[in-house]
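Residue numbers (this note's numbering), protein chains in the order written: chain A, 9 to 131; chain B, 117 to 539.
Quick reminder that beta carbons are idealized off the backbone N, C-alpha and C, glycines included.
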Amino acid sequence: MLYAILCYDSEEVVGSWSQDQEATTMARLAAVQQKLAEKKQLGPVARLLPTTAATTVRKGAKPLVLDGPFAETKEQLLGFYVVDCASLDEAIEVARELGKASGSEGAYEIRPIATFKPGTGVA
Amino acid sequence: MTDMAWIDAALTSARPQAIGALLRYFHDLDAAEEAYQEACLRALKNWSRNGPPRDVAAWLIFVGRNVAIDAARRRGRQKELPDEDVLSDLGDVEEEMAERLDGADYRDDILRLLFVCCHPELPATQQIALALRVVCGLSVQQIARAFFVTESAMEQRITRAKARIGAANVPFEAPGPREREERLEAVAAAIYLMFNEGYSATGEHVRARAPLLDEAVRLARLLLRLFPGEPEVLGLTGLLLVQHARTAARVAPDGTIVLLEDQDRTLWNRTMILEGLALIEKALRHERPGPYQMQAAIASMHARAKRIEDTDWAEIDRLYSVLESLQPSPVITLNRAVAVAKVRGAEAALALVEPLASHLSNYFYFFGVKGSLLMQLGRDAEARAAFRRAIALANTVQEAAHIRTHLDRLIKDGTTGDVQGSK
């Protein structure tokens with residue numbers, strides 16, 4: 009079974025880290041990732057840019073494009089795509105298309121990825 | 117066991133919210149600051165024992181307010197304080213408090229706080245000093261160091277600013293939509309100035325002013341969280357991030373400034389650039405261009421170029437012409453001339469620069485740019501004159517030294533040309 013482990017933390021607090029705190033934390037996390045990679049247990053790892061960089065496409069007959077993360081709290085994170093787009097406009101198009109295909113309510117939140125490590129190819 | 121570093125970062129990030137709300141209660145900056153300090157002391161004790169609260173800001177506001185009210189009561193009636201343990205047992209109340217403090221409250225409180233510090237009656241330097249002290253919580257010593265004044269002079273400056281605000285009778289009610297827009301502009305301008313103050317440092321001052329850069333970025337991000345869809349706030353934050361991303365590359369170990377074209381681009385902070393670019397892209401989608409967005413777009417063109425040769429000067433020229441139309445200024449035209457020189461040659465650039473002479477007759481960069489354009493056109497004598505004038509106007513030793521290398525090259529190249537424009 010593959011498991012996704014999602015990171016949650018206070019953006020304000022993480023955003024207030026000094027460069028040193030940031031580097032220390034990342035080094036500690038890298039050590040854990042290294043261990044997993046050696047055991048071929050590590051899948052893709054991504055760090056997202058802050059929610060201020062997010063754009064949301066709210067699904068519907070006329071999809072709304074909104075600044076920021078506007079998923080409602082009753083909506084749960086069901087999964088995610090990683091797509092390679094040349095621009096935000098292109099990413100919004102993809103989200104619109106996905107929205108049309110899924111038909112249900114809800115939203116797609118577009119969050120630019122800051123770092124992406126493809127992992128060790130777990131199957 | 118709660119990590120002390122986490123508590124420290126949590127207190128820093130909750131500060132504007134907490135002080136903002138406490139200011140609403142007390143209508144007095146000093147009282148709000150004192151209450152916040154007291155709440156922080158209790159937080160250190162309480163959180164390291166009981167773990168952090170769910171809503172850090174709400175906890176601090178609640179405790180800060182109670183402590184201040186108790187202190188007032190004590191002063192008034194000499195009544196005994198409740199036991200420390202009773203005061204710290206905040207479980208239920210804290211939850212209720214967090215319920216009531218929704219995002220909209222935070223937003224108005226922080227905006228009011230920022231606006232109080234960026235009050236139009238205060239000169240820009242006092243606005244910035246006050247924002248650094250009250251909103252960011254930098255010590256007077258740190259701020260004094262950044263502005264190269266003595267600690268007591270800075271203390272005085274901040275006290276005077278507070279007194280002036282007290283006298284100006286600043287209204288503390290929630291700002292209306294129009295006021296909010298005006299305040300937003302004042303606050304954005306102060307953050308921009310704060311950043312520039314840090315960015316324009318050279319030599320031994322670079323390190324002293326570095327905190328201004330971090331704090332300006334932090335405030336811009338905060339403002340953006342309050343106004344996630346304001347194109348100019350997106351632009352400002354993007355601009356600061358893209359500029360700040362170059363910090364490690366733009367200062368040599370001896371403190372001299374390394375020019376953009378000479379910077380080791382591998383030292384640029386990629387994550388910060390990505391964040392900046394993402395924000396600028398979001399801003400431009402609104403199709404409501406403004407000066408910060410245009411400056412950010414120009415900076416992003418440099419940030420995108422992997423090597424100096426990859427710079428899209430034609431696009432930079434185009435963006436500068438938009439900026440010029442939004443905010444006409446000889447300095448912007450001068451900057452545009454640098455891009456024009458790359459795209460259409462020195463002749464075209466010089467035609468743009470020469471009419472600026474009357475406005476910029478005391479501006480170092482004007483003569484630097486003019487000199488280098490003249491040099492490219494082979495008009496060496498005039499170039500030498502311009503460079504000499506630039507050296508005379510240089511603000512720092514580094515600036516003068518930079519121009520001198522051009523001048524030395526011209527002289528060494530041995531063009532016998534006349535030296536009539538000397539001195």
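Requested in this report: Check the Cβ of A:E41 against every Cβ in chain B and list those closer than 7 Å, keeping chain order.
Outcome: In the sequence on display, residue 41 of chain A carries Gln and not Glu. Simply none; closest approach about 17 Å.
Query raised in the report: Should B:S129 be flagged as near chain A, meaning a C-beta pair shorter than 7 Å?
Result: yes
Query - Where A:K67 sits in the DSSP three-state scheme - result: coil
Query raised in the report: Can you list, in chain order, the stretches of the alpha helix (DSSP H) that have 4 or more residues and sit fully within the segment 14 to 57 of chain A?
Result: 19 to 23 and 27 to 46
**Report entry** Nonlocal neighbours in the same chain, by C-beta distance under 7 Å from B:I274, ignoring five residues either side
**Finding:** A245, L246, R249 and V256
Requested in this report: Tell me whether A:F88 sits in a helix, a strand or coil according to DSSP, three-state version.
Outcome: coil
Query - Beta-bridge pairing of A:A115 - partner residues as DSSP gives them - result: A:R66
Query raised in the report: Rounded C-beta distance between B:L139 and B:L229? I'm assuming under 8 Å.
Result: 6 Å
Requested in this report: My understanding is that B:E356 touches B:K398, with C-beta atoms under 8 Å, so please give their C-beta distance in whole angstroms.
Outcome: Note that residue 356 of chain B is Leu in the sequence shown here, rather than Glu. Contact flag wrong, Cβ pair sits at about 15 Å.
Query raised in the report: So with Cβ pairs under 7 Å, would you call A:T60 a contact of chain B?
Result: yes
Query raised in the report: Beta-carbon of B:L227 versus every beta-carbon of chain A: anything under 7 Å?
Result: no
Query - Distance, A:V73 Cα to B:R505 Cα - result: 53 Å
Requested in this report: Select from B:Y141, B:W384 and B:E346 the residue whose C-alpha is nearest the C-alpha of B:S402.
Outcome: According to the sequence displayed, residue 402 of chain B carries His and not Ser. The shortest Cα separation from B:H402 among B:Y141, B:W384 and B:E346 belongs to B:E346.
Requested in this report: Quick one: grab the DSSP three-state call for B:S204.
Outcome: Here B:S204 scores only 48 on pLDDT, less than 50, and its place in the model is too uncertain to base an answer on.
**Report entry** Spatial neighbours of B:D428 in its chain, beta-carbon cut-off 6 Å, leaving aside the 5 residues before and after
**Finding:** M417
Query raised in the report: Counting contacts by CB-CB distance shorter than 7 Å, is B:P344 in contact with chain A?
Result: yes
Query - B:D205 versus B:V172 - alpha carbon distance - result: Its pLDDT being 48, under 50, B:D205 is placed unreliably in this model, and the value from its coordinates should be taken loosely. So the alpha carbons of these two residues sit roughly 15 Å apart.
**Report entry** Which listed residue (B:V303, B:Q153 and B:Y308) has its alpha carbon closest to that of B:G253
**Finding:** B:Q153
**Report entry** Identity of the residues DSSP links to A:D75 by a beta bridge
**Finding:** A:T63
Query raised in the report: For the beta strand (DSSP E) that B:T521 lies in, which residues bound it at each end?
Result: First-last for B:T521: V513 to K528, but that is the alpha helix (DSSP H), not the beta strand (DSSP E).
Query raised in the report: Should B:G484 go down as buried or exposed, given a rule of 16 or more other Cβ atoms within 10 Å for buried?
Result: buried
Requested in this report: Below 8 Å on the Cβ atoms is my guess for A:T60 versus B:R131; work out the distance and round it to an integer in Å.
Outcome: 19 Å between Cβ atoms; not a contact.
Requested in this report: Name, going along the chain, the residues of the segment 248 to 259 of chain B whose beta-carbon falls closer than 8 Å to a beta-carbon of chain A.
Outcome: none
Query raised in the report: Anyone know if the C-beta pair for A:V130 and A:G51 falls short of 7 Å?
Result: yes
Query raised in the report: By a C-beta neighbour count over all protein chains shown, 10 Å radius and 16 as the cutoff for buried, is A:E101 buried or exposed?
Result: exposed
**Report entry** Bridge partners - B:V367, DSSP secondary structure assignment
**Finding:** B:I373
Query raised in the report: For B:Q272, does the count of other Cβ atoms within 10 angstroms reach 16, so buried, or fall short, so exposed?
Result: exposed
**Report entry** Cα-Cα separation between A:K48 and A:T123, rounded to whole angstroms
**Finding:** 20 Å
Query - According to DSSP, residues forming a beta bridge with B:I244 - result: Paired residue(s): none; B:I244 is not in a bridge.
Query raised in the report: Does the distance from the C-beta atom of B:A260 to that of B:E267 stay below 7 Å?
Result: yes
Requested in this report: Just the chain A side, please: which residues come within less than 9 Å of B:T387 by C-beta, in chain order?
Outcome: R55, L57, A122 and T123
Query - B:A497 versus B:S445 - alpha carbon distance - result: 29 Å
Requested in this report: For the beta strand (DSSP E) holding B:T318, just list the boundary residues, first then last.
Outcome: Segment: none, B:T318 is in no beta strand (DSSP E) and carries neither H nor E.
Query - Listed by chain order, chain A residues near B:A332 by CB distance under 7 Å - result: None at all; the shortest Cβ gap to chain A is about 14 Å.
Query raised in the report: Name the chain B residues that come within less than 7 Å of A:D75, Cβ to Cβ?
Result: P344, G345 and K398
Report task. Classify B:E567 as buried or exposed, calling it buried when 16 or more other Cβ atoms lie within 10 Å of its own Cβ. Result -> The first residue shown for chain B is 117 and the last is 539, placing residue 567 of chain B beyond what the model contains.
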